[in-house]
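Numbering (the UniProt record's numbering), first residue to last: 1 to 175.
In this text, a Cβ means the ideal position worked out from N, Cα and C, and glycines have one as well.
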């Protein structure tokens with residue numbers, strides 16, 4: 001048995017070793033989705049699952065963007081409509097409407113919340129150097145929710161900060 005010959009068969013980092021399977025060679029992966037025809041993305045490592053839209057159980061006195069809760073294998077998961085949270089477009093529930101369930105780990109606790117979006121688009125491989133800071137001017141999505149921007153196929157994709165998405169602001173009454 002020739003050890004040197006065997007060592008040459010060991011794949012080098014970044015090489016594809018299995019046909020038909022894409023490997024991440026550098027950077028991160030993001031799940032992209034649509035909100036009112038605009039592209040957004042979240043870190044794919046935070047995605048627990050993607051569910052079809054189902055009417056959740058309402059929570060009394062919750063902010064209007066919190067649609068309610070669902071029972072997901074024994075875990076009570078709040079459902080947030082991102083269109084309402086960010087005041088983007090109309091909140092209509094079509095066949096393409098899905099709930100992206102995200103779990104975020106911080107210190108010793110984790111939080112699972114579902115986010116209603118218009119449709120899931122794709123998974124992007126992104127090199128960290130390609131992520132640009134968000135512009136300083138205001139928009140419908142608060143700067144605390146934006147992790148950065150990337151160009152993908154002539155479109156700008158807004159990467160959302162999952163840690164900030166998990167925070168629920170106190171309910172404010174409109175006057």
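Subject >> Selected residue, minimal CA-CA separation from residue 113, among 121, 151, 132 and 50 >> reply: By one-based count along the chain shown, residue 113 stands at place 113. Nearest C-alpha to residue 113: 50.
Original post:
Okay, do the segment 119-132 and the segment 78-85 touch, 3+ Cβ pairs below 8 Å being the bar?
Top reply: no
**OP:** For residue 116, write down the residues that DSSP places opposite it in a beta bridge.
**Re:** Position 116 of the chain shown, counted from the start, is the residue given in the question as residue 116. According to DSSP, which records beta bridges pairwise, residue 116 is partnered with 81 and 99.
Original post:
First and last residue of the beta strand (DSSP E) that includes residue 69?
Top reply: As a first step, residue 69 must be located in the chain shown, where it is residue number 69. Here the beta strand (DSSP E) through residue 69 covers 66-72.
Subject >> Where the alpha helix (DSSP H) containing residue 36 begins and where it ends >> reply: In the chain shown, the residue the question calls residue 36 occupies position 36. Neither: residue 36 is in no alpha helix (DSSP H) and is coded neither H nor E.
**OP:** May I ask which residues mark the beginning and end of the beta strand (DSSP E) holding residue 160?
**Re:** Here residue 160 is taken as the residue at index 160 of the chain shown, counted from 1. Looking at the DSSP string, the run of the beta strand (DSSP E) that includes residue 160 is 155-160.
Original post:
How many angstroms separate the CA atom of residue 165 from the CA atom of residue 145?
Top reply: Looking up residue 165 in the chain shown gives position 165. Looking up residue 145 in the chain shown gives position 145. Taking the straight line from one Cα to the other gives about 6 Å.
**OP:** Take every Cβ of the segment 55-73, pair it with every Cβ of the segment 146-163, and state whether three or more of those distances are shorter than 8 Å.
**Re:** no
Subject >> C-alpha distance - residue 161 paired with residue 43, whole-angstrom precision >> reply: Numbered from its first residue, the chain shown carries residue 161 at position 161. Numbered from its first residue, the chain shown carries residue 43 at position 43. Each residue's Cα considered, the two are about 8 Å apart.
Original post:
Quick one, which of 125, 147 and 129 has its alpha-carbon nearest residue 135's?
Top reply: For the purposes of this step, residue 135 is identified with residue 135 of the chain shown, where counting begins at 1. Answer by Cα proximity: 147.
Original post:
Helix, strand or coil: how does DSSP classify residue 93 here?
Top reply: Looking up residue 93 in the chain shown gives position 93. Of the three classes helix, strand and coil, the one that applies to residue 93 here is coil, per DSSP.
Original post:
Hey, how far is the Cα of residue 25 from the Cα of residue 159?
Top reply: Within the chain shown, the letter at position 25 stands for residue 25. Within the chain shown, the letter at position 159 stands for residue 159. Since pLDDT at residue 25 reaches only 46, below the 50 mark, its modelled position is unreliable, and the value read off the structure follows with that caveat. Taking the straight line joining both Cα atoms gives about 20 Å.
Subject >> Cut-off 7 Å between Cβ atoms - residues of its own chain near residue 106, not counting five sequence neighbours on either side >> reply: Start at 1 with the first residue of the chain shown, and residue 106 comes out as number 106. The residues are 163.
**OP:** Grab me the residues of residue 77's own chain with a C-beta within less than 7 Å of its C-beta, minus the 5 sequence neighbours each way, in chain order.
**Re:** What you label residue 77 is simply residue 77 of the chain shown in a count that begins at 1. Taken in chain order, the residues that qualify are 69, 70, 101, 112, 113 and 114.
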